[in-house]
Structure formats: C-alpha cells, structure tokens
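A short worksheet on the structure shown next.
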Amino acid sequence: MPAHHDRSTVPHDDGHDHPEHDHHEHDHGHGGGWLARIRHAFVPHSHEVADSVDDALESSARGIRAVKVSLVGLAVTAVVQLLVFLVSGSVALLADTIHNFSDAFTAIPLWVAFWLGRRPPTRRYTYGLGRAEDLAGLFVILMIAASAVLAGWEAVRRLLDPAPVHNLGWVALAGLVGFAGNEAVAAYRIREGNAIGSAALVADGHHARTDGLTSLAVLVGAGGVAIGWTWADPVVGLLITVAIAAVLRTAARDVFRRLLDGVEPDKVQAAQDALTALPHVVAVRDLRMRWVGHVLEADVTLDVEPHLSAAAAHELAHDAQQRMVAVVPRLRHAVVHAYPDSAGTTPLAGTVPA
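Start counting the sequence shown at 744; every next residue gets the next number (our numbering).
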C-alpha cells in the first residue's frame, strides 16, 4: 500500500478497483424501483449486505403488524375493564384501566415510527428515519409516567375519602380479563421485538406484562372489600402505582441507552473477534457501533500489513464488512477503513471494554 496512507472504504464490493473515496454508483442488475434505490442508498455494491437491508424493511413491516395486533388487543381489554368500573366504582380497577388505555395508545407512535423507518434516506436525513423509533420510546415513557401519576392520585383520593365498591364479582372478572389480555399482548410484543431488534417494542411488551400482573392485584382489592376491608381497594391502587413506576424505571433505562448510542458489549466483542481473526489485519484501531431504530450501523478502522496494495486492502475491507454482517445480529451496514500499520499507532486491545 502506498506510504501516504491510502485507505479503502466499504461499501464497495463489486470487484472493481475504485479510486480513494470514489462513491459513484454502478448498475449491477439489481433492478429498478424504490427497493433498488434503497439498496444502493445504504450499500451500493454489496449483494449480501443488500439482503440485510431487505431484512430491515421486512422487520419494520413485522413491527407494524405487531403494533396493530397489540393495539386492538389492549383496546378491547381496556374497554371491557372501563365498562366494569362504571358499574362497580373500583379505584383499583380504574387505575388498571387507565394504564391499559395508555399502553394501547403507545402503539400509535410506534406504528408511525416503524412506518417512517421504512422510508429511504434523503439528502437531509442521510441515515434515514430509523431513530424515530427511539423517539417513540420517549413517548412510551411519558405515557407510563402519566398513568402512574393519575393512578396514584386517584388511589390517594379514595383512601382519604372512601367510597363503596359494588359488583365485586364483576370487578374480579375484569381483573382476570385484564391479566389475560395484557399477557397475550406482552408475549407477542416481546417475541416480535426481540426478533426484529426493537428495544421500544420489547419495552412496551414488558410494560404490558406488568399491566397483566397488576390486573391480578385487582382481585386482591375486591377480596379485601368483600370481607369488609374498605381500604383494600385504594391500597391496591397504590401498589399498582408502584408497579407502574418500576416499569417506568426499566423502560427509561433501555430507551435512553439507545438514544445515547449504547450498544450491547457482546455485539461489539463479536465484531472485534471476527475482525482480528482476518488475515493481514494487524489490529482494530477503532470500532464504533450504534443502533438506528432496530438495526445496527458500524464504522471500523483497521491497521493492516503495510505491504498490501490499495487493491488488496480494498478487498480486505470488503471481507471485513461481510464478516461483521455475518456474526453481528441486526447489523445492516458497516463502513470499513483500512490503513497500513505504522509505528506509534495505538490500536484497540484484543477485547473491547464494556
């Protein structure tokens, strides 16, 4: 490789020699239309990585489907609980119903975020709009916080000014309905969220699961009232508020971690190990990864053996990109820079700190 530190940058993997930083497009028979344009917008010459773009589009569609199903499921559950509250006056059931409605409505911004994430990059939004998913996560947090405040306020009010609870059998049944509906939605959201790598969808799934458990707590309140403990219903409402606050803490941690470009250390380590195992790689000087919605982006700088030609370094960078895509789940796009190793460099060690 020339001594003036030429670098080979991927994505470029069509087998042609390209001048340094020459990112002009070529027609490789990928076909026309919007899908081909999206492929080239992310990875102009990589067949294998273009497949990962197709996977990203498919996962967004899968996320939209999960949001639609969960929205209907939670809305039906919440409406049933609301009807029972109107005839029973149970504050614990009201707290649970409020939370279920808020959980159902969090599906709307997630739906919009997944839809925006499918749009191709533009000159203004060159990375696309995948980060809209993280903004939707913020909305989820706000809805959880609002439901905690409303439920807590109503529970305290009823504790200070008790009111009779009627139709305890219906209240108990509504609690069971709430548990069944929320648990079904939670399992579905978590499964789909893990499958597509969406932290926002997984967090909303855990949100729904906790709602299901708090729905069972309504049974306790109804049982307490049945044996004459009039304070049991608002106390259970307060316990539900505490459970909502616990969910808020976990959801906020996960969402803010994504917003601050936090990545799971095991994924970084997997990429590090794959890169250092490649022939002619002296060291991984820099390795950066971040989530953009539910897909990963990476930028890598390699120190390679100084005798490599520019063409050989280009091919090595291409191999590095393909290897990373193969070993790191949800990695959609990687840019790899290859520099000749020289004295005085301080590459990364064999492991990446957490």
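All C-beta atoms in this analysis are idealised placements derived from N, C-alpha and C, irrespective of residue type, glycine included.
Beta-carbon proximity of residue 911 to residue 968, cut-off 8 angstroms: yes
Beta-carbon gap between residue 1053 and residue 1079 smaller than 8 angstroms: no
Residue 818 beta carbon near the ligand PLP (any heavy atom closer than 7 angstroms): As for the ligand PLP, it is missing from this structure, which has no ligand bound.
Neighbourhood of residue 1077 by C-beta, 6 angstroms cutoff - its chain only, sequence neighbours within 5 removed: 1041, 1064 and 1067
Sequence-distant residues of its chain with Cβ nearer than 7 angstroms to residue 941 (five each side left out): Contacts found: 806, 876 and 1037.
Residue 1062 - DSSP class collapsed to helix/strand/coil: Note: residue 1062 maps to helix in three-state DSSP.
Residue 990 and residue 943 closer than 8 angstroms at C-beta: no
Where residue 1057 falls, given that 16 or more other Cβ within 10 Å makes a residue buried: buried
Residue 1031, buried or exposed, once every other Cβ within 10 Å from all chains shown has been counted against 16: Answer is exposed; the Cβ neighbour count stays below 16.
Length of the line joining the Cα atoms of residue 905 and residue 963: 17 angstroms
Bridge partner(s) assigned by DSSP for residue 1082: 1046
Sequence ranges, alpha helix (DSSP H) only - wholly within the region 879 to 964, length at least 4: The region 879 to 964 is shown to contain whole alpha helix (DSSP H) runs of 4 or more residues at 911 to 939, in chain order.
The region 826 to 833 in contact with the region 873 to 893 per 3-pair CB rule at 8 angstroms: no
Three-state class that DSSP yields for residue 1076 in the structure shown: Three-state DSSP puts residue 1076 in a strand.
Beta-bridge pairing of residue 1026 - partner residues as DSSP gives them: 1046
Option in 892, 1034, 814 and 923 with minimal Cα separation from residue 959: 923
Run of the alpha helix (DSSP H) containing residue 1011, from where it starts to where it stops: 1008 to 1019
Residue 837 vs residue 897 beta-carbon contact at 8 angstroms: yes
Close beta carbons around residue 913, own chain, < 7 angstroms, minus the five adjacent residues each side: 827, 830 and 831
Exposure label - residue 996; buried when at least 16 CB within 10 Å: Looking at its Cβ environment, which holds fewer than 16 other Cβ atoms inside 10 Å, residue 996 is exposed.
Distance, residue 952 Cα to residue 945 Cα: Distance between residue 945 and residue 952, taken at the CA atoms: about 11 angstroms.
Distance, residue 1019 Cα to residue 893 Cα: 53 angstroms
Straight-line Cα distance separating residue 978 from residue 840: Residue 840 and residue 978: Cα-Cα distance of roughly 16 angstroms.
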